[in-house]
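In what follows, a structure is listed as structure tokens, so that the remarks can point back to it.
Protein chains in written order, with the numbering used here: chain C, 1040 to 1099; chain U, 84 to 632.
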């Protein structure tokens, strides 16, 4: 699951990068970059961190 | 002496004449005919008066005989002083000023290593003091050698000529590929071991020293989040790879002529990604890497109870903590103003404004964090006041050259509150144990600093008329350039998406082969004896035996 989280985090960056080629206007790029940031944060907080919290040290 | 008397007499006569005219009725006078300017020749220089050897032999207590035309280096003794000699001397003076400025500010940044060491050690428990200090000194050596061998080349090997340092022509090979029809620079290729392709060069050496201490600042940051449980061998391997690859790649994209810096020239986004002294390149890179290692290591034993509720683990020496913060703030006067890479020409006289912005933001960050904690928890917490101080400094690092003093205070005020909120978020919501608040101070406030350039840059700075190859001054969203804001956000997305992910992969790989976390037995005993073989405070340990220290 951690590898999936890393993949999603990188995917967020890819979305931001694609804004340079797929959107011509500043507003269009802004929307894509914000989407990319949200995806990356989901990867870190929603997937990677959640996976680590499934078996934390204080429950062992 | 005779010439000086004549000059004084002429000056006196002119002064009397001027006052005489102002007291007498004004009378129309004929304008003197314009005399064509006569170019100065080498012959004119022969009559320049210089102190005689017998005068110099008597000493110069007034300082009026030292530093004259006699000190200008002459290329041909037979011809004597020439215009060419003067012009060459002026050029060398400019570069000498910039070399000295960059080196001295680099030494200040190196001194920050002590600040980090004291801050982290003070916030750790006494039983881990030796281990924490050792990480802080070892990262300097490990990081420097990795950067010398590989990292500097990847970062700056294709940066091209840096005019402030007299040009750095050997650093001319950037690896690029085409994407969306534009060149994307990804890493430099010259400068391995500071010997490769002519990089044994005086200007390259100055640049290396300055960039090396910046890299080392970033490499130190993860040690704060990993304190009290990071196995020393794993720390050494991880730090080497971080300094050789992770840091230099992002630094190349932002500072080494890479693709982020060219977002303006290639895609019309403001002046490209702008990060003057490294809120993103240094602090966010270090802070996000700290987040990755804190996740891999997990919390310290005892940080959370069985229900997952965070427990306070007290700092062992708040005096060290505050001393460390003040040393860091002192070093920041090298970090930010030094990033001009010079004090002469190309708008570098903004060093005063940069220094003032730096100190204003630090004060604002400290005050807002102190009052936030006072209001929310009833006391002005010392460690969080120190963290607010650093948060303001971290946040102003990227925008310090592009905002006005009011903007600097706004940036600092927001950073001070942000760091307090972020520390609580990571501890309570994400349940990440970050003993020194490195992720919040450097990661979160570093990202805020990058974003603040895109909001508050006022368009009044002028470093040689252009930035990142785009004419004009850096201007944020509130001053009319939304493209700059987007460029900054792309930089943030790269930090989170690439730097964090690369760091996590690095730490996971090292974890598989070497194991990142010290054993539970060592952790409970304290890492000083099991990992380092010596206690930091042996007498203190004896008097406190049987007590949790």
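Backbone N, C-alpha and C define an ideal beta-carbon position, used for all residues, glycine too.
Cβ neighbour criterion (16 or more within 10 Å) applied to residue i
{"i": "residue 459 of chain U", "result": "exposed"}
{"i": "residue 136 of chain U", "result": "exposed"}
{"i": "residue 390 of chain U", "result": "exposed"}
{"i": "residue 694 of chain U", "result": "An answer regarding residue 694 of chain U cannot be provided, because it is not within the stretch 84 to 632 covered by chain U."}
{"i": "residue 1045 of chain C", "result": "buried"}
{"i": "residue 183 of chain U", "result": "exposed"}
{"i": "residue 432 of chain U", "result": "exposed"}
{"i": "residue 441 of chain U", "result": "buried"}
{"i": "residue 1089 of chain C", "result": "exposed"}
{"i": "residue 1064 of chain C", "result": "exposed"}
{"i": "residue 527 of chain U", "result": "buried"}
Minimum C-alpha distance to residue i - residue among the options
{"i": "residue 1096 of chain C", "options": "U/378, U/536, U/566, U/507", "result": "U/378"}
{"i": "residue 374 of chain U", "options": "U/468, U/605, U/508", "result": "U/508"}
{"i": "residue 582 of chain U", "options": "U/438, U/598, U/326, U/536", "result": "U/326"}
{"i": "residue 529 of chain U", "options": "U/555, U/552, U/490, U/498", "result": "U/498"}
{"i": "residue 475 of chain U", "options": "U/511, U/532, U/436, U/564", "result": "U/532"}
{"i": "residue 427 of chain U", "options": "U/208, U/248, U/263, U/488", "result": "U/248"}
{"i": "residue 168 of chain U", "options": "U/278, U/370, U/124, U/419", "result": "U/124"}
{"i": "residue 551 of chain U", "options": "U/610, U/469, U/519, U/336", "result": "U/336"}
{"i": "residue 158 of chain U", "options": "U/151, U/170, U/420, U/148", "result": "U/170"}
{"i": "residue 449 of chain U", "options": "U/416, U/490, U/500, U/436", "result": "U/500"}
{"i": "residue 290 of chain U", "options": "U/280, U/239, U/587, U/322", "result": "U/239"}
{"i": "residue 348 of chain U", "options": "U/422, U/267, U/323", "result": "U/267"}
{"i": "residue 542 of chain U", "options": "U/563, U/525, U/535, U/526", "result": "U/563"}
{"i": "residue 419 of chain U", "options": "U/382, U/396, U/366", "result": "U/366"}
{"i": "residue 134 of chain U", "options": "U/339, U/547, U/146", "result": "U/146"}
{"i": "residue 130 of chain U", "options": "U/153, U/178, U/282", "result": "U/153"}
{"i": "residue 609 of chain U", "options": "U/180, U/344, U/209", "result": "U/209"}
{"i": "residue 1060 of chain C", "options": "U/119, U/467, U/264", "result": "U/264"}
Beta-carbon spacing of residue i, residue j below 8 Å
{"i": "residue 578 of chain U", "j": "residue 368 of chain U", "result": "yes"}
{"i": "residue 505 of chain U", "j": "residue 478 of chain U", "result": "no"}
{"i": "residue 234 of chain U", "j": "residue 195 of chain U", "result": "no"}
{"i": "residue 503 of chain U", "j": "residue 455 of chain U", "result": "yes"}
{"i": "residue 254 of chain U", "j": "residue 287 of chain U", "result": "yes"}
{"i": "residue 472 of chain U", "j": "residue 412 of chain U", "result": "yes"}
{"i": "residue 319 of chain U", "j": "residue 619 of chain U", "result": "no"}
{"i": "residue 155 of chain U", "j": "residue 148 of chain U", "result": "no"}
{"i": "residue 536 of chain U", "j": "residue 485 of chain U", "result": "yes"}
{"i": "residue 576 of chain U", "j": "residue 1051 of chain C", "result": "yes"}
{"i": "residue 560 of chain U", "j": "residue 490 of chain U", "result": "no"}
{"i": "residue 355 of chain U", "j": "residue 549 of chain U", "result": "no"}
{"i": "residue 307 of chain U", "j": "residue 553 of chain U", "result": "no"}
{"i": "residue 1054 of chain C", "j": "residue 1070 of chain C", "result": "no"}
{"i": "residue 316 of chain U", "j": "residue 275 of chain U", "result": "no"}
{"i": "residue 205 of chain U", "j": "residue 400 of chain U", "result": "yes"}
Bridge partners - residue i, DSSP secondary structure assignment
{"i": "residue 395 of chain U", "result": "DSSP lists no partner for residue 395 of chain U."}
{"i": "residue 541 of chain U", "result": "U/558"}
{"i": "residue 313 of chain U", "result": "U/600"}
{"i": "residue 549 of chain U", "result": "U/554"}
{"i": "residue 261 of chain U", "result": "U/266"}
{"i": "residue 387 of chain U", "result": "U/393"}
{"i": "residue 353 of chain U", "result": "U/355"}
{"i": "residue 448 of chain U", "result": "BP columns for residue 448 of chain U are empty, so no partner."}
{"i": "residue 271 of chain U", "result": "U/257"}
- When Cβ atoms are compared, which residues of the stretch 1044-1055 of chain C fall closer than 9 Å to chain U? Within the stretch 1044-1055 of chain C, the qualifying residues are 1044, 1045, 1046, 1048, 1049, 1050, 1051, 1052, 1053, 1054, 1055.
- Identify each residue in the stretch 1065-1080 of chain C for which the Cβ-Cβ distance to at least one residue of chain B is less than 9 Å, and report them in chain order. Judged by its chain identifiers, the structure shown contains no chain B, and its protein chains are C and U.
- Using a beta-carbon distance cut-off of less than 8 Å, what residues from the stretch 505-518 of chain U approach chain C? Flagged, chain order: 513, 514, 515.
- Identify each residue in the stretch 380-391 of chain U for which the Cβ-Cβ distance to at least one residue of chain C is less than 9 Å, and report them in chain order. Flagged, chain order: 381, 382, 383, 384, 385, 386, 387, 388, 389, 390, 391.
- Message: Residues of the stretch 213-240 of chain U in Cβ contact with chain C at a cutoff of 7 Å, in chain order, please.
- Response: Within the stretch 213-240 of chain U, no residue has a Cβ that lies closer than 7 Å to any Cβ of chain C.
- Query: What residues in the stretch 1085-1096 of chain C bring their beta carbon closer than 8 Å to a beta carbon of chain U?
  - Reply: Per Cβ criterion, the list reads 1087, 1088, 1091, 1092, 1095, 1096.
- Identify each residue in the stretch 551-576 of chain U for which the Cβ-Cβ distance to at least one residue of chain C is less than 8 Å, and report them in chain order. Across the stretch 551-576 of chain U, CB contacts with chain C closer than 8 Å involve 565, 566, 568, 569, 572, 573, 575, 576, in sequence order along the chain.
- Taking a Cβ distance cut-off of 8 Å, strictly less, list which residues of the stretch 587-602 of chain U are near chain C, in chain order. The residues in question are 587, 588, 591.
- Task: Quick one: which residues of the stretch 269-286 of chain U get their C-beta closer than 9 Å to a C-beta of chain C? List them in chain order.
- Result: Answer set for the stretch 269-286 of chain U: empty.
- Members of the stretch 339-365 of chain U that neighbour chain C once the beta carbon cut-off is set at 7 Å: From the stretch 339-365 of chain U, only 350 have a Cβ closer than 7 Å to chain C.
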